[in-house]
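Take a look at the structure set out below.
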Amino acid sequence: AQTVTQSQPEMSVQEAETVTLSCTYDTSESNYYLFWYKQPPSRQMILVIRQEAYKQQNATENRFSVNFQKAAKSFSLKISDSQLGDTAMYFCAFMNYGGATNKLIFGTGTLLAVQP
Amino acid sequence: NAGVTQTPKFQVLKTGQSMTLQCAQDMNHEYMSWYRQDPGMGLRLIHYSVGAGITDQGEVPNGYNVSRSTTEDFPLRLLSAAPSQTSVYFCASSRRGVLGNEQFFGPGTRLTVL
């Protein structure tokens, strides 16, 4: 069974600084998707960025980028130029590629606080 | 498009009461699912459906029932609520298979069972 591990329960960063959130996963599959979701105090789950395992290039979305290390089964999220609105819980998630179902397996989350 | 809607947003139940959490989507998505979120445990899959008339169990199905009579709706039923079911519940939907690599979440329902 696949598992997702986020070893940092809480992190803090100063506004305008860069922060990296860690995620590791375990799977025997070769093709899959990885995601970072953001959950602000409003509770809404928002997709931040996604990575397809068969693509070697790291995904980027504006200030958000990932460091995808397939052999190490590591998928970290880097937030550049942190803003107060980035304060949220961040979840790393895994999905098998091409299966009949689209089950997401989540990590336990990292609570990020951006300090002014 | 309203996306994924959930009702109610908040609910308090007494132990043993029953209720239904409603979920609807207007994106014609085949895949729908229910998750529960508990502190320190992330989101865990309760039940899912790959289309109307088809449902299956996820990681934590005990105490919950689902049905999928239409593409749009996927209600979650608690037949006899227990304090262990106090949680935040999210419904999500997506296209099925490789097209469904982005799931859309509802706003969540916070349920307290006394």
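Line order of the protein sequences matches chains A and B.
For the first sequence, the positions run 340 to 455 when this note's numbering is used.
For the second sequence, the positions run 2 to 115 when this note's numbering is used.
By construction, the Cβ of each residue, glycine as well, lies at the ideal position given by its N, Cα and C atoms.
- Residue environment for asparagine 29 of chain B: exposed (fewer than 16 other C-beta atoms within 10 angstroms of its C-beta).
- Scanning chain B for C-beta atoms nearer than 8 Å to the C-beta of asparagine 397 of chain A yields nothing, as the closest lies near 17 Å away.
- At a cut-off of 8 Å between C-beta atoms, arginine 97 of chain B counts as an interface residue with respect to chain A.
- Serine 85 of chain B sits in a helix when the DSSP states are folded into three classes.
- Fully contained in the segment 370 to 424 of chain A are the following beta strand (DSSP E) runs of length 3 or more, in chain order: 371 to 378, 385 to 391, 403 to 408 and 413 to 418.
- The C-beta of tyrosine 49 of chain B comes closer than 8 Å to at least one C-beta of chain A.
- Within 8 Å of the CB of glycine 446 of chain A, the CB atoms of chain B belong to Gly43, in sequence order along the chain.
- Nearest C-alpha to alanine 427 of chain A among A:Tyr436, A:Leu386 and A:Val343: A:Leu386.
- If you draw a straight line from the Cα of alanine 355 of chain A to the Cα of threonine 113 of chain B, it comes to about 38 Å.
- Taking every protein chain shown into account, the CB of valine 13 of chain B has fewer than 16 other CB atoms within 10 angstroms, so this residue is exposed.
- Taking serine 381 of chain A as reference, the option from B:Lys10, B:Gly43, B:Arg45 and B:Thr56 with the minimal CA-CA separation is B:Lys10.
- Per DSSP, alanine 452 of chain A is one residue of the beta strand (DSSP E) stretching across 449 to 454.
- The Cβ of tyrosine 429 of chain A sits no closer than 8 Å to any Cβ of chain B.
- Rounded to the nearest angstrom, the gap between the Cα atoms of asparagine 397 of chain A and leucine 423 of chain A is 25 Å.
- Interface flag for leucine 46 of chain B against chain A is set, since a Cβ pair is found closer than 8 Å.
- Straight-line spacing of the CA atoms in valine 61 of chain B and glutamine 86 of chain B works out to 11 Å.
- Taking a 10 Å sphere around the C-beta of tyrosine 393 of chain A, we find fewer than 16 other C-beta atoms and assign the residue as exposed.
- Per DSSP, serine 50 of chain B is one residue of the beta strand (DSSP E) stretching across 43 to 52.
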